[in-house]
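Chains as they are written, first to last, in the working numbering: chain B, 1 to 196; chain V, 1 to 196.
Using N, Cα and C, we set each Cβ at its ideal position, and we do this for glycine too.
All values reported here derive from a predicted model rather than from experimental measurement.
A short worksheet on the structure shown next.
Number of protein chains: 2
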Amino acid sequence: MTASPAPEPGPLRRSAGDRRAQLVQIGLELLPTTPVQELTIDEVARRAGISRSLLFHYFATKRDYYTAVTRAAADLLWEHLLPRPGTPPEVQVTGMLDRYVGWVETFRETHLAFVRGAAGGDPWVSEVYEETRTRLVDVALAALGLPDDALRRQLVLAWFAFTEDLVGQWTREPTTMTRDELLVLLRDVLDRLTTR
Amino acid sequence: MTASPAPEPGPLRRSAGDRRAQLVQIGLELLPTTPVQELTIDEVARRAGISRSLLFHYFATKRDYYTAVTRAAADLLWEHLLPRPGTPPEVQVTGMLDRYVGWVETFRETHLAFVRGAAGGDPWVSEVYEETRTRLVDVALAALGLPDDALRRQLVLAWFAFTEDLVGQWTREPTTMTRDELLVLLRDVLDRLTTR
DNA sequence: TAGCTTGTTGAGCACTGCTCAGCAAGCCGG
DNA sequence: CCGGCTTGCTGAGCAGTGCTCAACAAGCTA
Numbered sequence: 001m002t003a004s005p006a007p008e009p010g011p012l013r014r015s016a017g018d019r020r021a022q023l024v025q026i027g028l029e030l031l032p033t034t035p036v037q038e039l040t041i042d043e044v045a046r047r048a049g050i051s052r053s054l055l056f057h058y059f060a061t062k063r064d065y066y067t068a069v070t071r072a073a074a075d076l077l078w079e080h081l082l083p084r085p086g087t088p089p090e091v092q093v094t095g096m097l098d099r100y101v102g103w104v105e106t107f108r109e110t111h112l113a114f115v116r117g118a119a120g121g122d123p124w125v126s127e128v129y130e131e132t133r134t135r136l137v138d139v140a141l142a143a144l145g146l147p148d149d150a151l152r153r154q155l156v157l158a159w160f161a162f163t164e165d166l167v168g169q170w171t172r173e174p175t176t177m178t179r180d181e182l183l184v185l186l187r188d189v190l191d192r193l194t195t196r
Numbered sequence: 001m002t003a004s005p006a007p008e009p010g011p012l013r014r015s016a017g018d019r020r021a022q023l024v025q026i027g028l029e030l031l032p033t034t035p036v037q038e039l040t041i042d043e044v045a046r047r048a049g050i051s052r053s054l055l056f057h058y059f060a061t062k063r064d065y066y067t068a069v070t071r072a073a074a075d076l077l078w079e080h081l082l083p084r085p086g087t088p089p090e091v092q093v094t095g096m097l098d099r100y101v102g103w104v105e106t107f108r109e110t111h112l113a114f115v116r117g118a119a120g121g122d123p124w125v126s127e128v129y130e131e132t133r134t135r136l137v138d139v140a141l142a143a144l145g146l147p148d149d150a151l152r153r154q155l156v157l158a159w160f161a162f163t164e165d166l167v168g169q170w171t172r173e174p175t176t177m178t179r180d181e182l183l184v185l186l187r188d189v190l191d192r193l194t195t196r
């Protein structure tokens, strides 16, 4: 009886891929309000309508889980920043900067949670973050047409820290300058740092 | 019997001030190896030779405890960086920069733990960190003889992030430039940012 | 000696990460 | 239709950790 194919949110039997995706998605949704490392298995399982045990079936460890969530967040950011193929190199960096500011404006809390989680000490999470930064340096140096030496990499990475901090502050208190001024300033600092 | 005044590490009865200081000191010693928030009450109590309960007598909450530890670390940094009274303003910033690099060189792990803990999401810890940054901006702007407006504060704060990141990288891989080149570069970036 | 203050402890509760033995839903070969 | 296999899934329960509470005990003062 009542065998109607109702779209119940109950503990349906799902394929392994679906479940993993669902669990990671829940993690992403919780990210704005909770530091990654403080996601509780209980809460995630409850939202997914499954038992704690099942979560450990898919992620052997809590760390495995929130690392996966972090990686998903990093991938989203990466895909959003990556210049569209065919873009002339000169405007690639400007475009990425523009999209980065837009990203922070739109997903302020999620992005802060991502950065915090990365800085928060856990080596596994930091690694995901560092990996993203490394890839971004690659793209940036290539787009700028600059040689890829150790010094320049250090400077560009430090410039990322500068950018992250300044954009973060500016989104909280945007009265100090216009959005365009911010973009020009960041671009200018980067140029002066890399071409000296 | 055996009433000798031996300096036993046992559970001596101490004054409230002494105990607090001892517990905070233990926290500082653990800081290089452990993110602040992951200090366990058990471990600290064990090292102090006391029961868990006593720690909660002095710090109502674990958060209270590691916030105190963080504040202690921040105070140490602050005292180390603060220009000696009587120093001419022009060399104050250079001196602070020099001492900051020295600090990171000497207490690399502790300082990283401090920064990580601050970035790690906990508002209480972040507040201590932000407070220190704010005081440093005050001193820096005063020493540079520059007006104290919102834009300049944002830029100096972002420059802190730049400096932290670059110095951190440089201490890991110091072959990219000499110590002096690093200092000159940082100072140069700061000047260009604040006097535009 | 009695009594007060206060440094100190052990037992124990609640929550959370994690394990394990086993249930049950779907699919296959007979 | 049945037996067996795979696999998504669960409940009970253990261990560690933050935190509470009632009570002990060391030292001071009256």
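Using C-beta distances below 7 angstroms, list every residue in its chain close to residue i, excluding the 5 sequence neighbours before and after it, in chain order.
| i | result |
| --- | --- |
| V/LEU157 | ARG133, VAL137 |
| V/LYS62 | ILE41 |
| B/ALA113 | LEU31, PRO32, PRO35, VAL36 |
| V/VAL115 | GLU164 |
| V/ASP80 | Correcting the residue type first, residue 80 of chain V is His in the shown sequence and not Asp. Closer than 7 angstroms at the Cβ level, and outside the excluded window around V/HIS80, lie ARG99, TRP103. |
| V/VAL24 | ALA68, VAL69, ALA72 |
| V/ARG20 | TYR58 |
Quick one, which of the options has its alpha-carbon nearest residue i's?
| i | options | result |
| --- | --- | --- |
| B/PRO190 | B/LEU144, B/ASP149, B/ARG179, B/VAL167 | The sequence given here has Leu at residue 190 of chain B, not Pro. Checked all of B/LEU144, B/ASP149, B/ARG179, B/VAL167; the closest Cα to B/LEU190 is B/LEU144. |
| V/ARG196 | V/PRO85, V/PRO147, V/ALA68 | V/PRO147 |
| V/ALA48 | V/HIS57, V/ALA68, V/ILE26 | V/ILE26 |
| B/GLY17 | B/PRO88, B/PHE59, B/ARG52 | B/PHE59 |
| V/LEU151 | B/GLN169, B/LEU151, B/LEU81, B/LEU77 | B/GLN169 |
| V/TRP78 | V/MET96, V/THR194, V/GLY117 | V/MET96 |
| V/GLU173 | B/GLN154, B/LEU183, B/ARG135, B/GLU181 | B/GLN154 |
| V/ARG135 | V/LEU82, V/HIS57, V/LEU54 | V/LEU82 |
| B/LEU54 | B/PRO89, B/ARG13, B/THR87 | B/ARG13 |
| V/THR175 | B/VAL184, B/ASP149, B/ARG179, B/ASP180 | B/ASP149 |
Grab the span of the alpha helix (DSSP H) containing residue i for me, first residue to last.
| i | result |
| --- | --- |
| V/GLY244 | The shown model of chain V, from 1 to 196, leaves out residue 244 of chain V, and the question about it has no answer. |
| V/SER53 | 52-58 |
| B/SER126 | 123-144 |
| B/THR195 | Per DSSP, B/THR195 belongs to no alpha helix (DSSP H) and is neither H nor E. |
| V/GLY27 | 16-30 |
| B/ASP64 | 62-81 |
| V/VAL44 | 41-48 |
| B/THR171 | 150-172 |
Going by beta carbon distance, what residues of the same chain come within less than 6 angstroms of residue i, once the five residues before and after it are set aside?
| i | result |
| --- | --- |
| V/ALA74 | VAL128, THR132 |
| V/LEU182 | TRP170 |
Short of 8 angstroms in beta carbon distance, which residues of its chain neighbour residue i, apart from the five on each side in sequence? Order them along the chain.
| i | result |
| --- | --- |
| V/THR110 | LEU28, LEU31, PRO32, ALA73 |
| B/VAL93 | ALA140, ALA143, LEU144, ARG187, LEU190 |
| V/GLU105 | THR171 |
| B/ARG192 | none |
| B/ALA45 | SER51, ARG52, LEU54, LEU55 |
query = Should the region 113-123 of chain B be regarded as contacting the region 83-101 of chain B, the criterion being three or more beta carbon pairs within less than 8 angstroms?
reply = no
inquiry  = Tell me whether the region 157-177 of chain B and the region 156-172 of chain V touch, counting them as touching only if at least three CB pairs, one residue from each stretch, are closer than 8 angstroms.
reply    = yes
ask   = Counting pairs of beta carbons, one from the region 35-49 of chain V and one from the region 58-71 of chain V, are three or more of them closer than 8 angstroms?
value = yes
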